[in-house]
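K.L.:
Each position in the sequence shown, counted from 1, maps to that position plus 758 in the numbering used here. The beta carbon of each residue, even a glycine, is placed where N, CA and C say it ideally should be. Owing to the predicted nature of the structure, the values given are computational and were not obtained by experimental measurement.
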Amino acid sequence: MIRLLFVFLLAALQAQSQPSDFIILKKKDKTIHSYYPGTQIEFVTKTDAYRNATITMIRNDSIFLKEYIVRTVMTQLGFYITDTLGSYSYVYNYHDIKSIGRKEKKGFNVRGSGAALLGGGILLTVANGVVFLADRKRFSPAFMGVSAGLAGVGYLLSRSGGKAMVIGKKNYRLEYINLSPQKK
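#1: DSSP has residue 812 in a bridge; who is on the other side?
#2: Within the continuous beta strand (DSSP E) that includes residue 839, where are the two ends?
#3: If you follow the alpha helix (DSSP H) that residue 792 is in, where does it begin and where does it stop?
#4: Just to confirm before moving on: does the CB-CB distance between residue 819 and residue 934 stay below 8 Å?
#5: Do you know whose CA, among 792, 827, 791, 882, lies nearest residue 904's CA?
#6: Expressed to the nearest angstrom, what Euclidean distance is found between the alpha-carbon atoms of residue 906 and residue 865?
#7: Between residue 838 and residue 829, what straight-line distance do the alpha-carbon atoms span, to the nearest angstrom?
#8: Residue 811 to residue 915, Cα distance in whole Å?
Rendered as structure tokens:
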């Protein structure tokens, strides 16, 4: 029994693990997100290829990805299940990433509401212009100003939020951190 304990102790001392490299997304020297093997990443490459995959390994400035094809299919009994149809493996250099996508937020959609305000404001402005041309007594300059203001607010809201973070613009950048031991 003591011999077996001694063998396990020696084996545990010999076990080594290799540290994994990782990639950091920074904005103005502030870390926004770190990407390690096993984390999900969503990005667009410089060749406009969209990837939403799991990182399997990061080594030598390259990101090794595994993307799963998941579909909802109907069974013979008439109910639906989620099934994995297959998977693809990809390798990209981290310099090939053009933009990193944000997670879609559930709930209130600011961009969609802004587009609705923009469309409604333009429609009200045009209608008020028609009223100005047809019957100047019913024309209201205050209503024209409010409708144009709604269109402006809608434009600003539709341009905000939900976009991908473009690498190189607004000081976004990716940094590769090498933790692999150097061979001599």
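P.N.:
Based on what the coordinates show:
#1: 798, 824
#2: 838-851
#3: Where residue 792 is concerned, there is no enclosing alpha helix (DSSP H), although the beta strand (DSSP E) it sits in stretches over 788-793.
#4: yes
#5: 882
#6: 28 Å
#7: 10 Å
#8: 30 Å
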